[in-house]
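2 protein chains.
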Amino acid sequence: MSHGFASYAEAPIDDFVSRVEEGMAALPKQEAKVAQYFLLNLNSISFETGKSIAQKAGVAEITVGRMLRRFGCAGMKEFKAMMRHRYSVTGESLADDSAELPSDWQEQMTAELRAVSTVYAKINTPAFQAAERYLGEAEEVYVTGFQTVRGLAEDTARRLALARPRVRFLSGHDSMLSEWLDPPAAGGSCLLIIDVIPYAAECETLARMAREQGRDVVVITDEYCHWAHEVTDAVINTPSKTGLFLESLLGLTAATSLLIHATANATGRDMDARMRDWKRLAQRIGIF
Amino acid sequence: MSHGFASYAEAPIDDFVSRVEEGMAALPKQEAKVAQYFLLNLNSISFETGKSIAQKAGVAEITVGRMLRRFGCAGMKEFKAMMRHRYSVTGESLADDSAELPSDWQEQMTAELRAVSTVYAKINTPAFQAAERYLGEAEEVYVTGFQTVRGLAEDTARRLALARPRVRFLSGHDSMLSEWLDPPAAGGSCLLIIDVIPYAAECETLARMAREQGRDVVVITDEYCHWAHEVTDAVINTPSKTGLFLESLLGLTAATSLLIHATANATGRDMDARMRDWKRLAQRIGIF
DNA sequence: CGTCAAATGTTAGTTTTCTGTCATTGGGAG
DNA sequence: CTCCCAATGACAGAAAACTAACATTTGACG
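Residue numbers (the working numbering), protein chains in the order written: chain A, 65 to 352; chain B, 65 to 352.
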């Protein structure tokens, strides 16, 4: 497969896929499952039958056909024809790339995907909504994280700072916490901690200290965290166990993205103006 | 998953194929045609049906079935089942949790999941393997990244340093590149760049400079990157477009994880010992 | 709380694919 | 030339995939 994104002669199948991508949001629940299955398994879909897809997606067979129809494809039959046609034209199998994936990598990938979807599933939990509220309403936000997630914490601080004012990365070690000599801002203060196994001792201390000073605390962590729930209700646990050499960051990353997004969309902020201002600033500094 | 990811689980289908290859010579004329068609078109066979194969091979439909039977496969039906089993894995599990999501999140999530699976699909591409090789074989590795991915680059450097020796984060701005005053290490030097839109001007410059000094370059970037392909063959493009407030980091994060994992598993490293040493060091410093 | 429309599933029918039975072919041994 | 047996195909029946029509459920809205 060539470099992927650039250019495909627009076969009807590609056209169809993009229609599905766009239309996904407007889909009813069950059909959305089917669409998701299609998009995630495009390269192995040719091995499937309508029925088998239905089973794996957990819907009735006919729903598969209906979904296809909705996007202007006359059922499984025509869909397969499109696939075949695309193959005969480009001469390359959609399956080629991932076909050779050893099965343990497949498992690995499935685990990662599951981790991400687990995080998304938490959007409506009280914990997530508490986190959203703290981050949205506080006058100032501190972000911190150590060891293998320090970078993630820094990025999160940077990105969050685009979404709302007064965000600072807090480096306990280096600044000796001079930031907290003064009492929290009047409008409320919030600390966002990212911590994973092996938990940095500082995190818990920092969190408790924050609470004592009257700050809200949000914790993004892995599934084993022992201390966070005692300190705050805004704890987001994400799966991190993997077969890889190190723990996975995907779940954590997804969680931060969602929180940032939620904060950006919080009421009373004009994001467009904010982004414009930011771009103007960035231009002047000439970093691009 | 243990350290070796060389374990291509021997699926029944592979077994079947090798039996066919061996038995080819002893086959009657018509069946030989069929067998040949199978072997030559293994990757498009999923689009075919017993009938269509028969037509293209110029034999009767039943002969196809007979040929399969001869090699211990109970007909087209079982053959397809074997193929399906071999190739389709992902998705069943995701369907359940995601059911309750509001549909706009659903779309968002699917996009993210697809980004990750796209990255995994690239494991076997030449570009990925080149990256793997550079990172595994170089005597020293520098990692860099700016703006919203600087943190990711730093984390990557830290994690990569657990997998192999002599990894440093390179901060062009701050160190004024003093690291590169001296010529590259004798065993080879490698620069890993993470860069996304809006591309930092420094990245391209840095990459070209590295090449001039005889260093290998690996680039992890988004789908729009314009400069990387001119500089090196080890470019990993990951989808980053999302409906969120900012671009997605998931694809990039997945890519770094895979590269780190691959490096850790590169031949000639005793990862267990390395991890033990590291834990001992960490204990003494008392960071946990 | 009821109504209505969209969504989804169920059942049954149609088409396609697959396979079992039997007839035909074709080449080699006597 | 005839007989024999493997090879092959034709046909029909079985099974599966697919679809259409109807029934049930769900959820929004008044």
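Built from N, CA and C at the ideal position, the CB exists for glycine as well.
Whose Cβ in chain A lies nearer than 8 Å to the Cβ of residue i?
i                 : result
Arg-223 (chain B) : Thr-212, Leu-310
Thr-317 (chain B) : Leu-313, Leu-314, Thr-317
Trp-244 (chain B) : Ordered by position in chain A, no residue passes the 8 Å Cβ test against Trp-244 (chain B), which lies about 21 Å from the chain.
Ser-235 (chain B) : Correct list: empty, because the minimum Cβ distance to chain A is about 12 Å.
I want to verify the contact list: residues of chain A whose CB lies under 9 Å from the CB of residue i, in sequence order.
i                 : result
Val-290 (chain B) : The question names Val, but residue 290 (chain B) is His in the sequence shown. Neighbours of His-290 (chain B) on chain A: none; closest Cβ ~11 Å, over 9 Å.
Ile-324 (chain B) : Leu-308, Phe-309, Leu-310
Met-335 (chain B) : Phe-309
Ser-253 (chain B) : Those within 9 Å of Ser-253 (chain B) in chain A number zero; the least Cβ separation is about 22 Å.
Ala-271 (chain B) : By Cβ distance, chain A contributes nothing, its closest Cβ being about 16 Å from Ala-271 (chain B), past 9 Å.
From which residue to which residue does the beta strand (DSSP E) around residue i run?
i                 : result
Cys-267 (chain B) : Taken as a continuous stretch (DSSP letters only), Cys-267 (chain B) belongs to no beta strand (DSSP E), being part of the alpha helix (DSSP H) at 265-276.
Phe-233 (chain A) : 231-233
The alpha helix (DSSP H) that contains residue i, what's its start and end?
i                 : result
Gly-136 (chain A) : Where Gly-136 (chain A) is concerned, there is no enclosing alpha helix (DSSP H), given that its DSSP letter is neither H nor E.
Ala-298 (chain B) : Run containing Ala-298 (chain B): none in the alpha helix (DSSP H); it sits in the beta strand (DSSP E), 298-301.
Ser-428 (chain B) : This structure leaves residue 428 (chain B) out entirely; chain B is present only between 65 and 352.
Thr-317 (chain A) : 314-329
Asp-334 (chain A) : Counting along the chain, Asp-334 (chain A) falls outside any alpha helix (DSSP H), and DSSP gives it neither H nor E.
Arg-83 (chain B)  : 76-87
Val-123 (chain B) : Val-123 (chain B) -> no alpha helix (DSSP H), and no H or E assigned at all.
Glu-294 (chain B) : 292-295
Residue i versus chain B: which residues are under 7 Å apart at the beta carbon?
i                 : result
Gln-193 (chain A) : Those do not exist, as Gln-193 (chain A) stays about 13 Å from chain B at its closest Cβ, beyond 7 Å.
Met-147 (chain A) : Phe-111
Tyr-198 (chain A) : Result: empty, since nearest Cβ-Cβ is about 18 Å, beyond 7 Å.
Ala-328 (chain A) : Phe-309
What are the partner residues of residue i, as DSSP defines its beta bridges?
i                 : result
Asp-280 (chain A) : A:Cys-254
Thr-285 (chain A) : A:Asp-259, A:Asn-301
Going along the chain, which residues of its own chain have a beta-carbon closer than 7 Å to the beta-carbon of residue i, five neighbours each way excluded?
i                 : result
Ala-326 (chain B) : Glu-196
Met-273 (chain A) : none
Val-180 (chain B) : Leu-314, Gly-315, Ala-318
Gln-211 (chain B) : Ala-264
Tyr-288 (chain A) : Ile-261
Lys-186 (chain A) : Phe-192, Ile-300
Ala-99 (chain A)  : Val-84, Met-88, Leu-91, Met-131
Tyr-101 (chain A) : Ile-117, Lys-120, Ala-121
Leu-234 (chain A) : Tyr-206, Val-207, Thr-208, Glu-243
Thr-127 (chain A) : Gln-94, Glu-95, Val-98, Ala-118
Arg-133 (chain B) : Gly-139
Ile-77 (chain B)  : Met-146, Met-147, Arg-150
Tell me which same chain residues have a C-beta within less than 6 Å of the C-beta of residue i, skipping the five on either side of it?
i                 : result
Lys-115 (chain A) : Glu-125
Asp-160 (chain A) : Its pLDDT being 46, under 50, Asp-160 (chain A) is placed unreliably in this model, and the value from its coordinates should be taken loosely. None.
Thr-220 (chain A) : Val-207, Thr-320
Leu-224 (chain B) : Val-231, Ile-324
Thr-306 (chain B) : Ala-175, Ser-312
Gly-200 (chain A) : Thr-327, Ala-330
Ala-194 (chain B) : Asp-297, Ala-298
Counting only Cβ pairs nearer than 7 Å, list the residues of chain A close to residue i.
i                 : result
Arg-178 (chain B) : Leu-103, Leu-104
Asp-341 (chain B) : Within 7 Å Cβ-Cβ: nothing; Asp-341 (chain B) doesn't reach chain A, min ~15 Å.
Glu-171 (chain B) : Met-88, Ala-89
Leaving aside the five residues before and after residue i along the sequence, list all residues of the same chain whose C-beta is less than 8 Å from its C-beta, in chain order.
i                 : result
Ala-96 (chain B)  : Met-88
Val-213 (chain B) : Ile-258, Asp-259, Val-260, Leu-313, Leu-316
Thr-113 (chain B) : Met-140
Phe-135 (chain A) : Phe-80, Arg-83, Val-84, Gly-87
Ala-271 (chain B) : Leu-255, Ile-257, Val-281, Val-283, Trp-291, Ala-292, Val-295, Thr-296
Ser-304 (chain A) : Ala-179, Val-260, Ile-261, Asp-286, Glu-287, Glu-311, Ser-312, Leu-313, Gly-315, Leu-316
Gln-277 (chain A) : Trp-244, Pro-247, Pro-248, Ser-253
Against residue i, what residues of chain B qualify as contacts under a CB-to-CB distance less than 9 Å, listed in chain order?
i                 : result
Leu-226 (chain A) : Thr-212, Phe-309, Leu-310
Gln-347 (chain A) : The contacting residues do not exist; Gln-347 (chain A) stays about 10 Å from chain B at best.
Residues of chain B with CB under 8 Å from residue i, in chain order?
i                 : result
Ala-138 (chain A) : Near Ala-138 (chain A) there are no residues of chain B at all, since even the closest Cβ is about 17 Å away, more than 8 Å.
Ser-218 (chain A) : Note that residue 218 (chain A) is Glu in the sequence shown here, rather than Ser. Residues of chain B passing the Cβ test: Arg-214, Gly-215, Glu-218.
Tyr-206 (chain A) : By Cβ distance, chain B contributes nothing, its closest Cβ being about 15 Å from Tyr-206 (chain A), past 8 Å.
Ser-82 (chain A)  : None at all; the shortest Cβ gap to chain B is about 12 Å.
Lys-115 (chain A) : The contacting residues do not exist; Lys-115 (chain A) stays about 11 Å from chain B at best.
Exercise. Unbroken beta strand (DSSP E) runs of length 3 or more, entirely within the stretch 161-217 of chain A: which are they?
Worked result: 204-209
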